[in-house]
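This report concerns only the one structure given below.
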Amino acid sequence: MQVSQAILTRRSHKLFRGTALPDVDLRHLLELAIWAPNHKFTEPWRFTVVPKRSLDKLWDAVQAAADSDKARSKLPKLKEIIEGAGAAIAVRQVRSPDNAERDREDYAACAIACQHIQLGAWERGWASYWTTSPGFVGGSLEAFWQTAPGERLVGVIFLGEAALEMPAVRHNPSDSLAVWL
Ligand SMILES: Cc1cc2nc3c(=O)[nH]c(=O)nc-3n(C[C@H](O)[C@H](O)[C@H](O)COP(=O)(O)O)c2cc1C
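Each residue of the sequence shown is one higher than the one before, starting from 1 at the first, in the numbering used here.
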């Protein structure tokens, strides 16, 4: 698959068929992630990999973290996502509290790492979905994701075999967003 094709055809998927991603594919995705551009070679990313065999632990943690009626009302939806997923990868950023510019650039680098994971997965036939939903990444889940002091969770990427085709949402044409000098 060409890079352009991967970019243009990748869509976010939340519903998966339950197929496990092999560890070899997960390792490949981590390898792609660490080739994201990063200023001054800070390599600010850290990863927490949850293969299919460990997703039940995520479900336990997500249930335990749902500490309000509103949060508990969302559990069936979160369960459906976790049960269907073939793996999840959290991308964590090592922060630079004394250097705001470095911190901002490192966040950008980690976001690119997330997209490398998504595109690399798509190339191998795996759909994905990047989430920052509190139900998956809220404060009390930091221990599950092993977010260390001085880190922030940039996103959790669920991966799996797509259960549905996802139509592309309308995008503003690039020409309407660009100023040419
Ligand atoms: C930083 C970030 C956080 C996101 N968090 C969520 C989320 O919490 N829930 C969700 O449904 N989608 C989330 N998404 C996915 C976007 O909703 C999705 O990329 C967008 O709708 C465009 O659809 P596409 O990925 O199919 O092109 C997130 C994307 C990014 C970049």
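Where is the CB? At the ideal position from N, CA and C, for every residue including glycine.
Handout entry: Bridge partner(s) assigned by DSSP for Pro51
Key = For Pro51, which the question treats as bridged, DSSP gives the partners Ala87.
Exercise for the section: Flag this pair as touching only if the stretch 89-109 and the stretch 51-60 have three or more C-beta atom pairs under 8 Å; answer yes or no. Expected result: The answer is no - the stretch 51-60 does not touch the stretch 89-109, with fewer than three Cβ pairs under 8 Å.
Practice task
Could you pull out every residue in the same chain whose Cβ sits closer than 8 Å to the Cβ of Ser68, ignoring the five residues on either side in sequence?
Solution key: none
Practice task
Provide the residue(s) that pair with Ala127 in DSSP beta bridges, ordered along the chain.
Solution key: Note: Ala127 sits in a beta bridge opposite Gly160.
Practice task
Collect the residues with a C-beta less than 5 Å away from any heavy atom of ligand 1 and give them in sequence order along the chain.
Solution key: Arg11, Ser12, Trp130, Thr131, Thr132, Ser133
Problem - the stretch 65-81 contacting the stretch 1-8, beta-carbon criterion three pairs below 8 Å - result: Contact between the stretch 65-81 and the stretch 1-8 is absent, because fewer than three Cβ pairs lie under 8 Å.
Exercise for the section: Can you tell me the Cβ-Cβ gap for Ala65 and Leu141, rounded? I've got them flagged as a contact below 8 Å. Expected result: 5 Å
Handout entry: Cβ-based burial, Val91 [other Cβ within 10 Å; buried from 16]
Key = buried
Exercise for the section: State the Cα-Cα distance for the pair Leu149 and Leu181, rounded to the nearest angstrom. Expected result: First, the residue type needs correcting, since residue 149 is Pro and not Leu in the sequence shown. The straight-line gap from Cα to Cα measures roughly 44 Å.
Exercise for the section: Count the CB pairs spanning the stretch 111-131 and the stretch 14-34 that are closer than 8 Å, and state whether there are at least three. Expected result: yes
Problem - Gly150 (DSSP reduced to helix, strand or coil) - result: coil
Exercise for the section: Can you say whether Gly160 is buried or exposed, counting buried as having 16 or more other CB atoms within 10 angstroms of its CB? Expected result: buried
Practice task
Throw me the rounded Cβ distance for the Gln146 and Thr42 pair, which I believe falls under 8 Å.
Solution key: Incorrect: roughly 20 Å between the Cβ atoms, too far for contact.
Problem - Selection from Ala108, Lys79, Val50 that minimises the alpha carbon distance to Val62 - result: Lys79
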